[in-house]
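Notes follow the structure.
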Amino acid sequence: QPLPGDSVAIVTVERLDQMLGEMVPSFVVVLDPDLTATRQIEVFKAQNSEVPLKVYSLTYQRSVEEQRLITDVRREGEAFEALINNKATMVIPETQDGKSGSIITISPDAPVPTSTRRGGGAAKRRVRVVVDVREFRSALPNMLHLRGMEVIPVTLEVGDYILSPHMCVERKSVSDLFSSFASGRLFQQVEAMVRFYRQAVLLIEFDENRPFSFQSVSAIGSDISAGSITSKLTLLTLHFPSLKIMWMRSPHNTAEMFDQIKQNQEEPVAADAERVGLDDSAAKSSFNIVPQDLLRRLPGINPHNVNYVMNHVTSLSELCTLPLASLKKLIGDQNAQQLHAFLHAKPPSSLAKGDE
């Protein structure tokens, strides 16, 4: 039963919730500002709207207690924002809608929702992305799935994401980028992407809760430094001019960018993407890298015949001396014509005079 109107009770925060229900007070004086006590009083007032409750909070301005309360309020707001973001990216079974409290089952064969405002209601094409199975520890594959893409998990030797038969993406978080540069692994990964794909992309994905930069502007020097991440990226792009670099603030932005890139792109084949680099791994261990790179850049040499050439020719010098008939037996008529014409082409007259 509520106590008489002139009664005063002193309670701690731990007993506040219980005493509010027992006493049903009209006045509450908070001597030590506490966020938990404030929320308990708010809940009590919401449940007992007929009670004329007045609350007084006593604290010194610019005091430690005031700063502590402000900090708790800020942390509470950040916690709610994190909860909203987690809810937006939560993984749900594809047989549920994820919008209501009750479980609503959806047929797995249900068509992808389409808008009648586009193309007279034509069905939207379901795009496909081949993803390395090790990438499922990150949030990006789930983001792609939520955007309606078909995510195909396979074990990839080259790249992390295959967007088309000619486009490969290697994803790096900021911490992974630094460690990959330190170990030299990134150079090998980019080298493989450039070797097998016409469009090689390095995706640098930042944390949305951290600054969208590697270092402050004042820390960027004018000279190349071995320990500077910007210098390492510059040298990487100089060594691989065809490499594209994408900077993404979060997995949400990456998924949106992938969706835009996939427009009017040919769909990748998982089996073909899985085979890329498998035959090349054995060749790397048996032959020198520099002659390999030079051989791959010659006209008529392609990923389908490069390993066969290396297994039947001992050196580049021997390859240059082979007659056209031998080249035809080695790599076919058309490829042999291109290679033979390149190897035996005469230099321009101006260069020939300069050599003399």
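In terms of this note's numbering, the sequence shown opens at residue 32 and continues consecutively. Ideal Cβ placement from N, Cα and C applies to all residues, glycine included. These numbers come from a predicted model, not from an experiment.
Query, Result
"Residue closest to residue 225, alpha-carbon to alpha-carbon, out of 206, 198, 210", "198"
"Sub-7 Å separation of residue 158 and residue 183 beta-carbons", "no"
"Test item: CB-CB of residue 195 and residue 294 under 7 Å", "no"
"Per-residue burial, residue 242 [other beta carbons within 10 Å of its own, 16 or more giving buried]", "exposed"
"Touching by the beta-carbon criterion (3+ pairs, under 8 Å), the segment 71 to 79 and the segment 35 to 53", "yes"
"Residue 42, DSSP secondary structure in three states", "coil"
"Length-filtered (3 minimum) beta strand (DSSP E) runs lying within the segment 326 to 350", "none"
"Touch test, the segment 80 to 90 against the segment 54 to 70, Cβ-Cβ under 8 Å, three pairs minimum", "yes"
"Contact under 7 Å by Cβ, residue 367 with residue 358", "yes"
"Cβ-Cβ separation, residue 187 to residue 305 (assumed contact under 8 Å), whole Å", "7 Å"
"Beta-carbon proximity list for residue 325, same chain, < 8 Å, skipping 5 on both sides", "347"
"Any alpha helix (DSSP H) of 4 or more consecutive residues that is wholly inside the segment 77 to 124", "95 to 119"
"Beta-carbon spacing of residue 309, residue 276 below 7 Å", "no"
"Delimiting residues of the beta strand (DSSP E) encompassing residue 231", "230 to 236"
"Alpha helix (DSSP H) segments (min. 4 residues) lying fully within the segment 164 to 243", "171 to 177, 205 to 214, 216 to 227"
"Cutoff 7 Å: residue 285 Cβ touching any chain D Cβ", "Protein chains in the displayed structure number just one, and chain D is not present."
"Limits of the alpha helix (DSSP H) - the one that residue 359 falls within", "355 to 362"
"Burial state of residue 201, where buried means 16 or more other Cβ atoms lie within 10 Å", "buried"
"Whole-Å CB distance - residue 221 paired with residue 274, under 8 Å assumed", "6 Å"
"Residue 307 vs residue 189 beta-carbon contact at 7 Å", "yes"
"Bridge partners - residue 58, DSSP secondary structure assignment", "85"
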